[in-house]
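What follows is a set of notes on a single structure, which appears directly below.
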Amino acid sequence: MNKNKIALITGATSGIGMATAKLFAQNNINLVLCGRRQERLDTLKRELEKEVAVHTLTFDVRNKTTVLAQIESLPNNFKDIDILINNAGNAHGLEPIQDGSLEDWDAMLDINVKGLLYVSKAVIPNMIAKKSGHIINIGSTAGKEVYPKGNVYCASKHAVDAINQGMRIDLNPYNIKIGAVNPGMVETEFSEVRFKGNTEKAAKVYHGFKPLQPEDIADIIHFVVTRPYHVNIADLVVMSTAQASSTIVNKN
Ligand code: NDP
Ligand code: 8X3
Numbered sequence: 009m010n011k012n013k014i015a016l017i018t019g020a021t022s023g024i025g026m027a028t029a030k031l032f033a034q035n036n037i038n039l040v041l042c043g044r045r046q047e048r049l050d051t052l053k054r055e056l057e058k059e060v061a062v063h064t065l066t067f068d069v070r071n072k073t074t075v076l077a078q079i080e081s082l083p084n085n086f087k088d089i090d091i092l093i094n095n096a097g098n099a100h101g102l103e104p105i106q107d108g109s110l111e112d113w114d115a116m117l118d119i120n121v122k123g124l125l126y127v128s129k130a131v132i133p134n135m136i137a138k139k140s141g142h143i144i145n146i147g148s149t150a151g152k153e154v155y156p157k158g159n160v161y162c163a164s165k166h167a168v169d170a171i172n173q174g175m176r177i178d179l180n181p182y183n184i185k186i187g188a189v190n191p192g193m194v195e196t197e198f199s200e201v202r203f204k205g206n207t208e209k210a211a212k213v214y215h216g217f218k219p220l221q222p223e224d225i226a227d228i229i230h231f232v233v234t235r236p237y238h239v240n241i242a243d244l245v246v247m248s249t250a251q252a253s254s255t256i257v258n259k260n
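When the sequence shown is numbered by the working numbering, its final residue is 260 and no position is left out of the sequence of numbers.
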């Protein structure tokens with residue numbers, strides 16, 4: 009019998025990461041679930057370990073020492089990561105560049121770009137050693153175009169796009185699959201975080217049209233990881249049917 013694969017998912021406490029964890033569990037993929045909110049990780053672990061083996065790691069992706077130590081500390085039966093979903097990320101604020109906050113800029117670049125790099129740095133050596141593995145970087149349509157007031161968030165996701173391409177080139181000799189999934193608007197806690205807990209403002213983002221749901225993205229991620237090994241989905245953009253670009257959304 010084939011051994012279950014092991015996936016490490018960052019940002020598993022909410023939205024796209026949580027939906028992906030649930031779908032992976034239904035499909036017999038063992039899980040290393042990461043996030044900062046321990047209670048949510050514990051609840052998810054209790055739910056999903058009825059189906060697969062689950063281990064949780066609590067860390068802030070901004071803290072490189074902790075990221076490396078936590079991933080190094082994985083028990084032997086979880087060390088051999090087959091799939092890395094670099095999903096943790098968020099937007100902070102939506103302001104023209106001249107009004108942007110330095111703290112928001114730091115958060116977006118430190119989490120979305122440097123955090124993704126730290127986690128990858130910890131996971132890649134084992135993939136190189138075994139000459140197999142699959143990394144999926146969650147980018148965004150914001151990594152393909154820039155929209156008004158999106159400035160630094162868009163820059164962080166353009167960086168993810170560049171890192172995705174760079175990883176694919178550099179890890180090519182090691183038979184490692186690298187690809188990005190770039191969603192448009194998905195109804196998660198994303199806008200609540202962007203608008204600093206203002207739920208009313210966040211909900212308005214998704215009014216008047218049917219946005220993507222986190223389960224839609226999980227379904228695509230699962231499709232990507234279940235292709236035959238010689239097939240690598242290198243870069244995928246997915247939007248709600250109502251969305252034509254970052255700024256063109258058919259609302260009624
Ligand atoms: P959510 O806010 O629902 O989830 C974000 C996840 O990232 C949470 O699990 C959160 O966990 C984790 N996270 C955030 N900051 C940190 C940190 N400093 N350290 C560790 N983990 C962190 O948003 P989404 O599910 O929508 O976002 C997931 C990814 O999808 C992000 O990269 C986002 O940019 C991208 N995306 C989202 C879109 C959308 O419209 N929703 C569209 C395109 C891309 P915790 O707080 O417990 O640490
Ligand atoms: C999240 C989608 O359009 O809010 O990456 O930037 S958007």
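Ideal placement from N, C-alpha and C gives every residue a C-beta, glycine not left out.
Nearest to residue i (by Cα), restricted to the options the options
i    : options                   : result
I184 : E80, N145, G23 and M175   : M175
V127 : P104, D114 and N94        : N94
K4   : I136, N190 and A250       : The requested residue 4 is not part of the displayed model; the chain covers only 9 to 260.
A61  : R48, M135, L39 and G141   : L39
I132 : N258, I256, E103 and A15  : A15
E239 : N190, I225, I186 and D118 : The question names Glu, but residue 239 in the sequence shown is Val. Looking at the Cα atoms, I186 is the closest of the given residues.
V245 : S148, I79, N36 and L76    : S148
S254 : P191, K212, H63 and V233  : P191
F32  : A242, V233 and A170       : V233
I143 : A130, A150, N84 and A27   : A130
K13  : I228, L92, N258 and A252  : L92
D229 : N145, S248, D107 and E153 : With the sequence shown as reference, residue 229 is identified as Ile, and Asp is not the correct amino acid for it. Here the closest residue by C-alpha is N145.
T18  : V160, E59, N36 and R70    : R70
S22  : A226, I105 and T196       : T196
V75  : E47, D178, K53 and L125   : L125
M116 : G101, A252 and K53        : G101
I241 : N172, I256, V213 and M247 : N172
N159 : G141, L179, D114 and I177 : D114
Distance cut-off 7 Å: residue i Cβ against heavy atoms of the ligand NAP
i    : result
S253 : As for the ligand NAP, it is missing from this structure, which binds only the ligand NDP and the ligand 8X3.
Residue i in three-state terms, based on DSSP
i    : result
A167 : helix
N190 : strand
V232 : helix
G43  : strand
V75  : helix
D243 : strand
V257 : strand
Residues bridged to residue i (per DSSP)
i    : result
N145 : N94 and A188
N38  : I14
L220 : V194
V62  : L39
CB-CB length for residue i against residue j, believed under 8 Å
i    : j    : result
G43  : T66  : 7 Å
F231 : N98  : The Cβ separation is near 25 Å, so there is no contact.
V6   : L220 : Nothing in the structure corresponds to residue 6, since the chain is present only between 9 and 260.
K30  : L56  : 7 Å
K139 : Y182 : 5 Å
N134 : K87  : 7 Å
N120 : V168 : 6 Å
K259 : G216 : 3 Å
I136 : V189 : Not a contact, Cβ separation roughly 23 Å.
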